[in-house]
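What follows is a single structure, written as structure tokens, with notes after it.
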Amino acid sequence: MADNVTAAMMPIAGYSRGHNLAGGRPSAAKTGTVQLGDTTANKDAWMVGYTPSLSTAVWVGTVKGDEPLVTASGAAVYGSGLPSDIWKATMDGALKGTQNETFPKPTEIGGYAGVPAPPPPPPSAAPPSETVIQPTVEVAPGITIPVGPPTTVTLAPGPPSAPPPADNPIPPP
Numbered sequence: 017m018a019d020n021v022t023a024a025m026m027p028i029a030g031y032s033r034g035h036n037l038a039g040g041r042p043s044a045a046k047t048g049t050v051q052l053g054d055t056t057a058n059k060d061a062w063m064v065g066y067t068p069s070l071s072t073a074v075w076v077g078t079v080k081g082d083e084p085l086v087t088a089s090g091a092a093v094y095g096s097g098l099p100s101d102i103w104k105a106t107m108d109g110a111l112k113g114t115q116n117e118t119f120p121k122p123t124e125i126g127g128y129a130g131v132p133a134p135p136p137p138p139p140s141a142a143p144p145s146e147t148v149i150q151p152t153v154e155v156a157p158g159i160t161i162p163v164g165p166p167t168t169v170t171l172a173p174g175p176p177s178a179p180p181p182a183d184n185p186i187p188p189p
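Residue numbers (the numbering used here): 17 to 189.
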């Protein structure tokens with residue numbers, strides 16, 4: 017499951033205003049913001065991301081509860097902006113001169129929104145099962161004795177049939 021989450025997060029740095037790591041180095045990331053009360057402004061923004069060997073989280077925010085987080089020009093700050101700039105510079109600097117690593121390939125978990133999962137494979141062509149039925153007669157409460165020879169029955173593939181209950185004797189032929 018973790019590999020699937022990583023695969024889902026791998027394109028985020030690139031979507032975040034082109035913050036792919038240098039040299040085509042694979043990464044997985046997530047941006048975020050916290051809105052300032054009922055306003056359209058933000059008070060916190062972040063970028064968290066990782067490679068197979070390094071993880072970095074960048075938070076940009078304010079402890080002043082009523083002031084919006086803005087750039088020097090007064091624009092709103094989002095996780096895909098200043099925090100991503102800092103994240104990319106930090107990751108590129110820390111990983112400079114190291115080998116590019118790859119994430120493990122995720123195992124497909126099947127289906128996606130609005131599309132039904134494929135049907136299961138057909139049952140194997142297993143040979144039909146056989147069962148032996150032994151006719152019995154109850155001679156006293158809870159005591160049965162066999163009567164006649166046992167019979168072998170070949171069952172067709174599918175759910176197994178239950179043999180007749182022992183307390184419901186089959187009369188001898």
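Beta carbons are placed, not taken as given, at the ideal position from N, Cα and C, and that holds for glycine. Predicted, not measured: the structure shown is a model, and the values here were computed from it.
Worksheet item: From P166 to E146, what distance separates their C-alpha atoms?
Response: Taking the first residue of the sequence shown as position 1, residue 166 is located at position 150. Taking the first residue of the sequence shown as position 1, residue 146 is located at position 130. Using only the alpha carbons, I get a separation of about 13 Å.
Worksheet item: Would you call the region 146-158 and the region 62-73 touching, i.e. three or more CB-CB distances under 8 Å?
Response: no
Worksheet item: Cα-Cα, which of G40, A44, V21 is closest to I28?
Response: As a first step, residue 28 is located in the sequence shown; it is residue number 12 there, counting from the start. Among G40, A44, V21, the Cα nearest to that of I28 belongs to A44.
Discussion item. Using the three-state DSSP reduction, which class does D60 fall into: helix, strand or coil?
Written reply: To locate residue 60, count along the sequence shown from 1; it is residue 44. Note: D60 maps to strand in three-state DSSP.
Item to complete: Look up S100 in the DSSP assignment and say whether it is helix, strand or coil.
Response: Against the sequence shown, residue 100 aligns to sequence position 84. Residue state, collapsed to three classes: helix.
Practice prompt. List the residues that DSSP assigns as beta-bridge partners of P162.
Written response: In the sequence shown, counting from the first residue as 1, residue 162 sits at position 146. Looking at the DSSP assignment, P162 forms a beta bridge with T152.
Worksheet item: Does the beta-carbon of G97 have 16 or more other beta-carbons within 10 angstroms, so that it is buried, or is it exposed?
Response: Position 81 of the sequence shown, counting from 1, holds the residue named residue 97. Classification of G97: buried, given that the 10 Å Cβ count is 16 or more.
Practice prompt. Give me the Cβ distance between M107 and G65, rounded to the nearest whole Å; I'm assuming they're in contact under 8 Å.
Written response: For the purposes of this step, residue 107 is taken as residue 91 along the sequence shown, with counting starting at 1. For the purposes of this step, residue 65 is taken as residue 49 along the sequence shown, with counting starting at 1. Going by Cβ atoms, the distance from M107 to G65 rounds to 7 Å, so yes, they are a contact pair.
Fill in: Cβ pair count under 8 Å reaching 3, the region 38-54 against the region 106-125
yes
Fill in: Collapsed DSSP secondary structure at T123 in the structure displayed
Here the question's residue 123 lines up with position 107 in the sequence shown. The answer is coil: DSSP assigns T123 none of H, G, I, E or B.
Worksheet item: If we count the other Cβ atoms within 10 Å of its Cβ and call it buried at 16 or more, is G95 buried or exposed?
Response: Counting from one through the sequence shown, the residue named residue 95 turns up at place 79. The residue in question, G95, is buried, as its Cβ has 16 or more Cβ neighbours within 10 Å.
Worksheet item: Where does D79 fall in DSSP's three states?
Response: Indexing the sequence shown from 1 puts residue 79 at position 63. One point to set straight first is that residue 79 is Val, not Asp, in the sequence displayed. V79 falls in the coil class under three-state DSSP.
Item to complete: Could you round the C-beta distance between M25 and K59 to whole angstroms and report it? I think they count as a contact, below 8 Å.
Response: Taking the first residue of the sequence shown as position 1, residue 25 is located at position 9. Taking the first residue of the sequence shown as position 1, residue 59 is located at position 43. Actually they do not touch by this definition, with Cβ atoms about 24 Å apart.
Practice prompt. Could you check if M190 is buried or exposed, using at least 16 other CB atoms within 10 Å of its CB as the buried criterion?
Written response: Residue numbering for the chain in the displayed model covers 17 to 189; residue 190 lies beyond these limits and cannot be assessed.
Worksheet item: What span of residues does the alpha helix (DSSP H) with G30 cover, start to end?
Response: Your numbering for residue 30 matches position 14 in the sequence shown. G30 -> alpha helix (DSSP H) spans 28-31.
Worksheet item: Just how far apart, CA to CA, sit L52 and S140?
Response: Taking the first residue of the sequence shown as 1, we reach residue 52 at position 36. Taking the first residue of the sequence shown as 1, we reach residue 140 at position 124. When rounded, the distance between both Cα atoms is 60 Å.
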